[in-house]
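Presented below is the structure to which this report refers.
Numbering (our numbering), first residue to last: 22 to 251.
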């Protein structure tokens, strides 16, 4: 603009004006190209949230699909778990869930069934269930958990370790000898199973019977834990 004014007043030659105009246009184009390249160096997250973890460092070369940052929301949290198709009819929205984690081995943490996917996995024969966590949960993103959904509550239920089950029977010790007692099972968890019929609750149960155990074998019960017979 300045050289145009000077040209009109005949203070500069037309050649100098053309050269100045050309250099200006080149500079404008260079700035536009630099801005375009700069835009390619900006990482934009697809969602709002907090940076949970950084996997990239300044100066690293990254390509399409490389993960540089993990971004998410700190609250609310939930757990996605798989439930066998045989058990999914018993699962309903709002049911309580008891959660165990290696970081809190002596605690049953609360949760609640929030969503059940309507379509299952035909290969694994399971359905995906989302369990919502309370805002004050001590669990952190990425922790491994074990989820037990409470489908029914019963007072004074008889529970035995799942390791004690053998083909619908429980091995007992009566008068120093082994007895295989048929039982009717209820809810079966990852560690314990409910016995609806067949036991009174005061029997001595063999917790982990060997595969070659036979009826009327002589055994000697050993105390476990707090002194309960095993």
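Cβ coordinates follow ideal geometry from the N, Cα and C atoms, glycine included. All of these numbers come straight from a predicted model, not from anything done at the bench.
Distance, Cα to Cα, residue i vs residue j?
i: residue 146; j: residue 105; result: 6 Å
i: residue 222; j: residue 230; result: 18 Å
i: residue 41; j: residue 49; result: 12 Å
i: residue 109; j: residue 215; result: 18 Å
i: residue 156; j: residue 174; result: 25 Å
i: residue 235; j: residue 134; result: 43 Å
i: residue 107; j: residue 63; result: 49 Å
i: residue 19; j: residue 162; result: The structure shown does not extend to residue 19, since the chain is modelled only from 22 through 251, so no value can be given for it.
i: residue 47; j: residue 68; result: 38 Å
i: residue 148; j: residue 170; result: 13 Å
i: residue 132; j: residue 142; result: 24 Å
i: residue 114; j: residue 127; result: 27 Å
i: residue 57; j: residue 45; result: 19 Å
i: residue 211; j: residue 184; result: 10 Å
i: residue 80; j: residue 95; result: 29 Å
i: residue 120; j: residue 97; result: 16 Å
i: residue 237; j: residue 209; result: 28 Å
i: residue 52; j: residue 82; result: 24 Å
i: residue 186; j: residue 176; result: 22 Å
i: residue 228; j: residue 129; result: 23 Å
i: residue 153; j: residue 59; result: 41 Å
Taking the DSSP output, what are the residues bridged to residue i?
i: residue 182; result: 213
i: residue 121; result: 167
i: residue 241; result: DSSP, once it has assigned bridges, lists no residue as partnering residue 241.
i: residue 151; result: 101 and 136
i: residue 113; result: Beta-bridge pairing links residue 113 to no other residue.
i: residue 129; result: Residue 129 is not bridged to any residue.
i: residue 235; result: Answer by DSSP bridge pairing: none, since residue 235 is not bridged.
i: residue 200; result: 193
i: residue 226; result: 193
Would you mind working out which of the options sits nearest residue i, comparing C-alpha positions?
i: residue 86; options: 228, 77 and 186; result: 77
i: residue 181; options: 174, 172 and 193; result: 193
i: residue 172; options: 79, 128 and 207; result: 207
i: residue 200; options: 51, 239 and 128; result: 239
i: residue 168; options: 118, 149, 195 and 52; result: 118
i: residue 195; options: 84, 188, 210 and 226; result: 226
i: residue 103; options: 187, 96 and 166; result: 166
i: residue 139; options: 90, 112, 91 and 158; result: 112
Leaving out five residues before and five after residue i in sequence, what residues of the same chain have Cβ atoms less than 8 Å from its Cβ?
i: residue 241; result: 197
i: residue 205; result: 216, 217, 218 and 219
i: residue 271; result: Look at the range of the chain in this structure, 22 to 251, and you will see that residue 271 is not part of it.
i: residue 334; result: In this structure the chain extends from 22 to 251, so residue 334 is not present and cannot be described.
i: residue 66; result: 90 and 92
In chain order, what residues of the same chain have a beta carbon less than 6 Å from the beta carbon of residue i, not counting five sequence neighbours either side?
i: residue 93; result: 70 and 73
i: residue 151; result: 99, 101, 135 and 136
i: residue 178; result: 215
i: residue 55; result: none
i: residue 91; result: 73 and 74
Excluding the five sequence neighbours on either side, which residues of its own chain have a C-beta within less than 7 Å of the C-beta of residue i, listed in chain order?
i: residue 88; result: 76
i: residue 164; result: 122 and 124
i: residue 39; result: none
i: residue 232; result: none
i: residue 247; result: Confidence at residue 247 is low in this model, with a pLDDT of 47, below 50, so its placement is unreliable and no value can be given for it.
i: residue 224; result: 193
i: residue 158; result: 98 and 130
key: Residue ranges of each alpha helix (DSSP H) within the stretch 32-99, 4 or longer   = 35-61
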